[in-house]
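Worksheet: the structure to be examined is printed underneath.
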Amino acid sequence: MRRLTFLGVAVSLALTAAPATATAAEPSAAELTGTLPNGATWTAQVPQDWNGTLVLYSHGFRPGPDNPAEDTGFASTTSALTDRGYAVAASSYATPGWALGTAVQDQLDTLAAFSSAASEPDRTIAFGTSMGGLVSSLIAETPDSGVDGAVSTCGLLGGGINLNNYQLDGIHALAELLLPGVELQLTGFRTGEEAGVTINALMGAVQQAQTTPEGRARLALAAALMNIPTWFSGDSEPDRRDYAAQQEAQYNWLLQTIPFVVGSRSSIVNAADGDSGWNEGVDYRSLLRDSAQQQQVKALYRGAGLDLREDLQTITSTADITPDPEALQWMERTSTPHGELLMPVLTMHTLADILAPVQYMEEYEETVREAGAGTLLRQSYIERTGHCSFTDAERVAAVLAMDQRLDTGRWGNVAEAGQLDRVAESLGLGEADFIRYRPAEFVNDREYAEDSGHGHGHGDGHGHGKGHGKGHGHGDGHGDGHGHGRGR
Numbered sequence: 039m040r041r042l043t044f045l046g047v048a049v050s051l052a053l054t055a056a057p058a059t060a061t062a063a064e065p066s067a068a069e070l071t072g073t074l075p076n077g078a079t080w081t082a083q084v085p086q087d088w089n090g091t092l093v094l095y096s097h098g099f100r101p102g103p104d105n106p107a108e109d110t111g112f113a114s115t116t117s118a119l120t121d122r123g124y125a126v127a128a129s130s131y132a133t134p135g136w137a138l139g140t141a142v143q144d145q146l147d148t149l150a151a152f153s154s155a156a157s158e159p160d161r162t163i164a165f166g167t168s169m170g171g172l173v174s175s176l177i178a179e180t181p182d183s184g185v186d187g188a189v190s191t192c193g194l195l196g197g198g199i200n201l202n203n204y205q206l207d208g209i210h211a212l213a214e215l216l217l218p219g220v221e222l223q224l225t226g227f228r229t230g231e232e233a234g235v236t237i238n239a240l241m242g243a244v245q246q247a248q249t250t251p252e253g254r255a256r257l258a259l260a261a262a263l264m265n266i267p268t269w270f271s272g273d274s275e276p277d278r279r280d281y282a283a284q285q286e287a288q289y290n291w292l293l294q295t296i297p298f299v300v301g302s303r304s305s306i307v308n309a310a311d312g313d314s315g316w317n318e319g320v321d322y323r324s325l326l327r328d329s330a331q332q333q334q335v336k337a338l339y340r341g342a343g344l345d346l347r348e349d350l351q352t353i354t355s356t357a358d359i360t361p362d363p364e365a366l367q368w369m370e371r372t373s374t375p376h377g378e379l380l381m382p383v384l385t386m387h388t389l390a391d392i393l394a395p396v397q398y399m400e401e402y403e404e405t406v407r408e409a410g411a412g413t414l415l416r417q418s419y420i421e422r423t424g425h426c427s428f429t430d431a432e433r434v435a436a437v438l439a440m441d442q443r444l445d446t447g448r449w450g451n452v453a454e455a456g457q458l459d460r461v462a463e464s465l466g467l468g469e470a471d472f473i474r475y476r477p478a479e480f481v482n483d484r485e486y487a488e489d490s491g492h493g494h495g496h497g498d499g500h501g502h503g504k505g506h507g508k509g510h511g512h513g514d515g516h517g518d519g520h521g522h523g524r525g526r
């Protein structure tokens, strides 16, 4: 193993030989590793027949404490890419958890380190998953990044502020409707112990609610506000009028979602040094009116003999949580896409994703279009459930599509579902399920009114019928309360 040092960065280089059973046609790959000045580690695989293109991989959220540069979930895709002549580099980011404070720069520094240790790529394609999908899309808005195109998969592309708010909308509804009168912390978690109290209370209430028609109707309402999919498992979604099956799917998703999203919130709070989430002034009647699940919720409420208007009034009148102003600023600065793309971006998303709702893609497309960069964006969808549950065939096909887009300077049909599916199926890397799809409205986008201290909404002018807000909180003067509970 050779060790190189440049710009104060230590680099290790090792040659990975092909297995003894490999044929002569299989390339060996050079492995580069190093440490950036801020402590982030990086690694790269460079095939002997490198085609000059680097795939700069951004990994997703890791709770820690382990934080390796390698991502085992991407290892088989890395092998598939290096087999086809691509180099792949990745970093750990400087910290685990919500690493957006440094993640974009960590990736660009990894690109610089790779260029010094190997050679400058002819082309670089950023590729990210989940939180890393957000990182890749933020790279696409970064001037002079040295990156040529971005592929964002299962990305949190509504941004961190919307992430905190849509999750808050759902758990606020659960708390108010299932645990009336119980004081329960919903935001501002700093420790796992604080979050654990809320998780236990919500999980017990959700499980109890599922045993009655009234409880199931209220779970459906909370699920709609939280963008919970109505498809949990199996080869196809429930019939669009089978509201009971849809609600059963939402219940199963909630059991998985609550522990993760509440338990992970402390990582975002600690990174931002406060909670950017708020619901003060939010009209939940408006959110439900714009939700694709409105008819399901109404039908279940009718069947249970409940007054939907009364419950919507309850959760609207008790919505009094305000954001930490500095945390809101930090999230706006580090964790919010503004759509000002400087390069082509291709997104890829499953239809039923619990941690990055597919409705995020509607919000991201709207943000990019309003920034005047719509011609640079294409979006693709996979007919499957799960978060980041892509095959190697689908991932490699997305990289090949971006490579072709950069070769030709135009999209043509390279990002259309049929073409992506044909390319993916031809690779011999597993199945592919690209499908034409248009996601429903993301109903939780809103801005915080700095003058009045209330969230409010306005139409977006593009025919979406949005009445709950468009934009991102920013600037000073958001108010001095930060609402760590459900004060009356």
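Take the position in the sequence shown, starting the count at 1, then add 38; the result is the number in our numbering.
Think of the CB as a built atom: it goes at the ideal place given N, C-alpha and C, for glycine as much as any other residue.
It should be emphasised that the depicted structure is a prediction, and the values quoted were computed from it without experimental measurement.
- In the three-state reduction of the DSSP assignment, F152 falls in the helix class, which pools H, G and I.
- Straight-line measurement puts the Cα of G341 at about 11 Å from the Cα of T250.
- With contact defined as three or more Cβ pairs closer than 8 Å, the region 140 to 148 and the region 159 to 179 are in contact.
- In this structure, A68 is the residue among L146, A68 and G135 with its C-alpha nearest to the C-alpha of Y124.
- Residue pairing by DSSP places L94 opposite A127 and A164 in a beta bridge.
- The beta-carbon distance between F99 and S168, rounded to whole angstroms, is 6 Å. This is short enough to meet the 8 Å contact definition.
- At a Cβ-Cβ threshold of 7 Å, A409 and E370 do not count as neighbours.
- Taking a C-beta distance under 7 Å as the contact criterion, L384 and R416 qualify as a contact pair.
- Taking C-alpha positions only, R161 is separated from N265 by approximately 37 Å.
- With respect to L119, G208 sits apart: the two C-beta atoms are not nearer than 7 Å.
- Beta-bridge analysis with DSSP links Q417 to T385.
- Per DSSP, P101 lies in no alpha helix (DSSP H) and is assigned neither H nor E.
- Assignment of P106 by DSSP, reduced to helix, strand and coil, places it in the coil class.
- Taking the Cα of Q284 as reference, the smallest distance to any Cα among A337, A478 and V434 is reached at A337.
- Between F428 and S304, the gap from beta carbon to beta carbon reaches 7 Å or more.
- Around the beta-carbon of R484, 16 or more other beta-carbon atoms lie within 10 Å, marking it buried.
- Here S96 is buried, its C-beta having at least 16 other C-beta atoms within 10 Å.
- For S174, the enclosing alpha helix (DSSP H) covers residues M169 to I177.
- By the neighbour-count criterion, in which a residue is buried when 16 or more other Cβ atoms sit within 10 angstroms of its Cβ, P75 is exposed.
- Taking a contact to require three or more Cβ pairs closer than 8 Å, the region 463 to 471 and the region 193 to 204 do not qualify as touching.
- If you keep only unbroken beta strand (DSSP E) runs of at least 3 residues inside the region 182 to 221, you get 187 to 191.
- According to the DSSP assignment, W80 belongs to the beta strand (DSSP E) that extends over T79 to P85.
- Remark: C-beta atoms of N451 and Q457 approach each other more closely than 7 Å.
- Inclusion of L257 and Y289 in the CB contact set at 7 Å is warranted, their separation being smaller than that value.
- When beta bridges are read from the DSSP output, A390 appears opposite T423.
- Between A78 and the set D121, A151 and P85, the nearest pair of CA atoms involves A151.
- Per DSSP, reduced to three states, the secondary structure at A453 is coil, with no helix or strand assignment.
- Pairing A365 with A310 gives a Cβ-Cβ distance under 7 Å.
- In the structure shown, F480 falls within a coil segment according to DSSP collapsed to helix, strand and coil.
- A Cβ-Cβ separation of about 13 Å leaves L414 out of contact with P375 under the 8 Å criterion.
- Secondary structure at I266: coil, using DSSP grouped into helix, strand and coil.
- Between the C-alpha atoms of G219 and A213 there is a straight-line separation of about 9 Å.
- Going by beta carbons, T268 and A247 fall outside the 7 Å limit.
- For G341, there is no enclosing beta strand (DSSP E); the residue is part of the alpha helix (DSSP H) that begins and ends at Q332 to A342.
- Secondary structure note for A68: its beta strand (DSSP E) is the uninterrupted segment A67 to T73.
- Comparing alpha carbon positions, the residue from E318, L326 and D362 closest to S355 is E318.
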